[in-house]
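Colleague:
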Amino acid sequence: QLQLQESGPGLVKPSETLSLTCTVSGGSVSTSTYYWGWIRQPPGKGLEWIGNVYYSGSTYYNPSLKSRVTISVDMSKNQFSLKLSSVTAADRAVYYCARLRTDDSFDIWGQGTMVTVSS
Amino acid sequence: DIQMTQSPSTLSASVGDRVTITCRASQSIGTWLAWYQQKPGKAPKFLIYKASSLESGVPSRFSGSGSGTEFTLTISSLQPDDFATYYCQQYNSFPYTFGQGTKLEIK
């Protein structure tokens with residue numbers, strides 16, 4: 013059964029880069045069937061789509077974050093990653109990685125990881 | 042961006058009740074709509090895709106309907122495990138967007 017697990021620092025300083033990794037187990041990130049995505053949720057608020065990546069490296073980003081976001085795949089480690097630069101307090105959120113079905117709905121989610129932005 | 046608006050924001054109901062949550066899109070999205078259930082401190086759980094298709098393993102008391110701009114999620118007979126927050130999400134076009142959520146509370 014496919015499982016996703018986010019990892020990375022829980023605390024990032026303002027203006028620095030947030031870096032998170034999603035490890036895929038029970039399946040392969042290099043499958044041609046699925047995209048992989050990142051979604052975030054500020055405390056007490058709703059869900060915001062960040063972006064998607066395909067095993068080939070092709071990406072789609074939310075325009076509201078596009079200038080600061082990079083999502084990539086590392087097939088050798090069976091992982092995909094999120095980098096968000098120039099973070100501010102507004103980037104404080106639980107970050108989820110997820111798998112996209114062929115129709116682009118998010119069917120499998122990681123448990124999420126909380127990232128706080130503070131000096 | 043396509044705006045997704047859910048109503049109500051909060052819904053109080055009792056075990057055994059039939060409840061309906063509405064999700065409206067600011068423009069037509071066909072049937073490219075998903076529903077998720079989220080409990081406190083947990084990741085969203087995938088319930089429904091393509092507006093009305095039930096994900097494998099999701100109880101049949103959950104159902105979805107709609108197309109275009111108006112969609113509904115119905116729970117036919119509420120169970121204690123169903124009290125949670127529900128989100129709709131459109132994936133007709135980028136950027137994918139979610140509704141603000143509907144919190145289903147115990148009356």
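These protein sequences, in sequence, are chains C and D.
To convert, count from 1 in the first sequence and add 12; that's the working numbering.
To convert, count from 1 in the second sequence and add 41; that's the working numbering.
Even for Gly, the Cβ is constructed at its ideal location relative to N, Cα and C.
The model shown is predicted, which means the values in this text are computed figures rather than measured ones.
Near C:Gly69, what residues of its chain come up, given a Cβ to Cβ distance below 8 angstroms and the 5 sequence neighbours on each side ignored?
Modeller: If we look at C:Gly69 and ignore the five residues flanking it on each side, its Cβ neighbours are Ser84, Val85.
Colleague: Under 7 angstroms between the Cβ atoms of D:Ala54 and D:Leu114?
Modeller: Going by C-beta atoms, D:Ala54 is not nearer than 7 angstroms to D:Leu114.
Colleague: Any chance the CB of C:Arg80 is under 6 angstroms from a heavy atom of the ligand GDP?
Modeller: The ligand GDP is absent from the structure shown, which contains no ligand whatsoever.
Colleague: Can you tell which of D:Thr138, D:Ser97, D:Lys86, D:Ser108 has its C-alpha closest to the C-alpha of D:Asp8?
Modeller: Given that chain D is displayed from residue 42 to residue 148, the structure contains no residue 8 of chain D and the question cannot be resolved.
Colleague: Using a 10 Å radius around the Cβ and a threshold of 16 neighbouring Cβ atoms, would you call C:Thr125 buried or exposed?
Modeller: buried
Colleague: Can you name, in chain order, every residue of its own chain whose Cβ lies under 7 angstroms from the Cβ of C:Thr82, other than the five neighbours on each side?
Modeller: Lys95
Colleague: Got a sec? Which residues, its chain only, sit under 6 angstroms from D:Lys80 by beta carbon, not counting five neighbours each side?
Modeller: Ala125
Colleague: Drop a sphere of 10 angstroms on the beta-carbon of D:Arg59, count the other beta-carbons inside from all chains shown, and report buried for 16 or more, exposed for fewer.
Modeller: exposed
Colleague: Go ahead and pull the three-state DSSP assignment for C:Asp103.
Modeller: helix
Colleague: With DSSP as the reference, label D:Asp122 as helix, strand or coil.
Modeller: D:Asp122 falls in the helix class under three-state DSSP.
Colleague: Count the other CB atoms within 10 Å of the CB of C:Thr29; is the residue buried (16 or more) or exposed (fewer)?
Modeller: exposed
Colleague: List the residues of chain C whose Cβ lies closer than 8 angstroms to the Cβ of D:Tyr90, in chain order.
Modeller: Arg113, Asp115, Ser117, Asp119
Colleague: At which residue ranges does the region 78-123 of chain D contain complete beta strand (DSSP E) runs of 3 or more residues, listed in the order of the chain?
Modeller: 86-90, 103-108, 111-116
Colleague: Can you give the Cα-Cα distance for C:Gly38 and D:Ile43, rounded to whole angstroms?
Modeller: 34 angstroms
Colleague: Note down, in chain order, each residue of its chain lying with its Cβ closer than 8 angstroms to the Cβ of D:Leu95, except the 5 sequence neighbours on either side.
Modeller: Leu88, Ile89, Ser101, Phe103, Ser104, Gly105
Colleague: For D:Gln68, list the residues DSSP reports as bridge partners.
Modeller: Beta-bridge pairing links D:Gln68 to no other residue.
Colleague: Return no unless some Cβ of chain D is closer than 7 angstroms to the Cβ of C:Asn74.
Modeller: yes
Colleague: If contacts are defined as beta-carbon pairs under 8 angstroms, then D:Phe65 and D:Thr46 qualify, I think. What distance do you get, rounded to the angstrom?
Modeller: Note that residue 65 of chain D is Arg in the sequence shown, not Phe. Sure, about 5 angstroms apart at Cβ, within 8 angstroms.
Colleague: Give me the residue from C:Glu60, C:Val41, C:Met87 with the minimum Cα distance to C:Pro75.
Modeller: Checked all of C:Glu60, C:Val41, C:Met87; the closest Cα to C:Pro75 is C:Glu60.
Colleague: Select from C:Arg113, C:Ser88, C:Thr33, C:Ser131 the residue whose C-alpha is nearest the C-alpha of C:Tyr107.
Modeller: Per the C-alpha coordinates, the member of C:Arg113, C:Ser88, C:Thr33, C:Ser131 positioned closest to C:Tyr107 is C:Thr33.
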